[in-house]
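*Asks:* Structure incoming, see below.
2 protein chains.
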Amino acid sequence: MAGLTIGDLADRTGLAVSAIRFYETHGIVAPVRNAGGHRRYGRHDLRRLSFVMAAQKLGFPLAEIAAHLAPLPPHKAPTKADWTRISKTFRRDIDDRIAALTDLRDKLDGCIGCGCLSLKSCALYNPADAKGKDGSGPRNLKQIAG
Amino acid sequence: MAGLTIGDLADRTGLAVSAIRFYETHGIVAPVRNAGGHRRYGRHDLRRLSFVMAAQKLGFPLAEIAAHLAPLPPHKAPTKADWTRISKTFRRDIDDRIAALTDLRDKLDGCIGCGCLSLKSCALYNPADAKGKDGSGPRNLKQIAG
DNA sequence: CCTTGATCTCAAGTTAACTTGAGGAATTAG
DNA sequence: CTAATTCCTCAAGTTAACTTGAGATCAAGG
């Protein structure tokens, strides 16, 4: 059981080799090294990366994803209980997100009805969420996640 | 009817003045200039910016949002028909997104059941969408939008 | 009229999430 | 045992979406 090479992982996940190395610097995978200094991964790393890919499709920032994965054992396969727990947390996040989208859709339906010509009563224009400024850099990812 | 200053717009939308100027370079607003070279906006620009903010919360990239707004008249208030049309398109996008999230949630439910211990049958691991590589830069926003 | 305060322009910095490239070793197929 | 792959590290480039700063001008209250 020599483990998987980074190329194997790339082939099986569809990720670029460079991306997998990048994820390592963010604590998402923690491969072991062989005699020649090459990375060797376990099958559980396939699962970690799949989770990352799924979560990213939802717009979650890497840091948050890494936090979700942090409690799992880094080198061994996690137990069924481990995965069940993190899956449930993830599910909660998805539910929140669906709720937010549904809410926005309903508001938009109102806008379609009114033609959005009245600013005072427009749900899109008055989203009931005020300011959320912190630091510099892109804002919208944080907004998605928040 | 002198129009709104950029500061007015910032106060009423919650956006930073710099952000509004930035949006101008991306064709999202097209203010007129007064004698002294200062920007003057109309009330319809409030609506444009609100739309941008709402769409961004959903993770849509600015370029796509700009494209949605492009068919609207830049300096005059759009007609009710204009807004209804773009609202409907937007709604379709929201629906797609809700569907994708719901789908993922269902898959995840399967994973919670199985403990995600079987890689071959894991819905998260086999998302039925293969590769989508184009150019450099961040990938996940494109993935969201795709 | 004069002093704040708001704007202007333009260049450069920032964060996230990666990719690309250079120069050099380790693996593996034949 | 080579030759071709694959992998290594490290620095630097890229895109999106803004922010920050400098130096200068415009506008508005007293």
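So the sequences go chain by chain: F and D. Residues in the first sequence are numbered from 1 upward in steps of one, following this note's numbering. Residues in the second sequence are numbered from 1 upward in steps of one, following this note's numbering. Using N, Cα and C, we set each Cβ at its ideal position, and we do this for glycine too.
1. Quick one: is F/ILE92 buried, meaning 16 or more other Cβ sit within 10 Å of its Cβ, or exposed?
2. Return the first residue and the last residue of the alpha helix (DSSP H) that D/LYS76 is part of.
3. For D/ALA70, which residues from the same chain have a beta carbon less than 8 Å from its beta carbon, with the 5 sequence-adjacent residues on both sides left out?
4. In chain D, which residues lie with their C-beta within 7 Å of the C-beta of F/SER18?
5. From the DSSP output, in three-state form, read off F/VAL32 for me.
6. From which residue to which residue does the alpha helix (DSSP H) around F/ALA10 run?
7. Starting from D/ASN46, trace the alpha helix (DSSP H) in both directions and tell me its first and last residue.
8. Since F/ALA30 contacts F/GLU24 with CB under 8 Å, what's their CB separation in whole angstroms?
9. Within 10 angstroms of the Cβ of D/ALA81, are there 16 or more other Cβ atoms? Answer buried if so, exposed if not.
10. What does D/ARG40 pair with, by DSSP beta-bridge criteria?
11. Check whether the Cβ atoms of F/PRO78 and F/HIS44 sit closer than 8 Å, and answer yes or no.
12. Closer than 8 Å by beta-carbon distance: list the chain F residues that pair up with D/THR102, in chain order.
13. When the Cα atoms are used, what is the spatial distance from D/ASN34 to D/TRP83?
14. Using a Cβ-Cβ cut-off of 8 Å, state whether D/ALA35 counts as contacting chain F.
15. Exposed or buried, which one is D/SER18 when buried takes at least 16 other CB atoms within 10 Å?
16. Just to confirm the assignment, what range does the alpha helix (DSSP H) spanning F/HIS161 have?
17. Using a Cβ cut-off of 8 Å (strictly closer), state whether F/GLY59 contacts chain D.
18. Taking C-beta to C-beta, are F/LEU9 and F/TYR41 nearer than 8 Å?
19. Can you confirm whether D/LEU4, when its beta carbon is compared against all beta carbons of chain F, has any partner nearer than 8 Å?
20. For chain F, check one thing: does any of its Cβ atoms lie closer than 8 Å to the Cβ of D/LEU9?
21. Check for me: the alpha helix (DSSP H) holding F/ALA19 runs from which residue to which?
22. Going along the chain, which residues of the segment 40–67 of chain F sit with their C-beta nearer than 8 Å to a C-beta in chain D?
23. I'd like to check one pair, F/THR5 with F/SER50: are the Cβ atoms closer than 8 Å?
24. Would you identify the three-state DSSP class for D/ALA2, choosing helix, strand or coil?
25. D/ALA55: buried (16+ other C-beta within 10 angstroms of its C-beta) or exposed?
*Replies:* Inspection of the coordinates gives the following:
1. Looking at the sequence shown, residue 92 of chain F is not Ile but Arg. That one is exposed.
2. In the DSSP annotation of this structure, D/LYS76 is not part of any alpha helix (DSSP H), being labelled neither H nor E.
3. Here the set comprises GLY27.
4. Chain D residues near F/SER18: none, gap ~10 Å exceeds 7 Å.
5. F/VAL32 sits in a strand when the DSSP states are folded into three classes.
6. DSSP places F/ALA10 in the uninterrupted alpha helix (DSSP H) bounded by 6–13.
7. Checking the displayed sequence, the identity of residue 46 of chain D turns out to be Leu instead of Asn. Looking at the DSSP string, the run of the alpha helix (DSSP H) that includes D/LEU46 is 43–57.
8. That pair is a contact at about 7 Å.
9. Exposed, since its Cβ has fewer than 16 Cβ neighbours within 10 Å.
10. Looking at the DSSP output, D/ARG40 sits in a beta bridge with D/VAL32.
11. Closer than 8 Å, so yes.
12. Using a Cβ-Cβ cut-off of 8 Å, D/THR102 is close to ILE98 of chain F, given in chain order.
13. Those two C-alpha atoms are separated by around 28 Å.
14. So, not an interface residue.
15. Exposed, because fewer than 16 other Cβ atoms sit within 10 Å of the Cβ of D/SER18.
16. Residue 161 of chain F falls outside the range modelled here, since chain F spans only 1 to 146, and no answer is possible.
17. It does: the Cβ of F/GLY59 has a partner Cβ on chain D nearer than 8 Å.
18. Yes; because the gap between Cβ atoms is below 8 Å, this pair is in contact.
19. Contacts with chain F at 8 Å (Cβ-Cβ) do not include D/LEU4.
20. Cβ-Cβ to chain F under 8 Å: no for D/LEU9.
21. For F/ALA19, the enclosing alpha helix (DSSP H) starts and ends at 17–25.
22. Correct list: ARG43, LEU46, ARG47, SER50, PHE51, MET53, ALA54, GLN56, LYS57, LEU58, GLY59.
23. It is not a contact, given that the beta carbons lie outside the stated cut-off.
24. In this structure, D/ALA2 counts as coil in the three-state DSSP scheme.
25. D/ALA55 counts as buried, since at least 16 other C-beta atoms from the protein chains shown sit within 10 angstroms of its C-beta.
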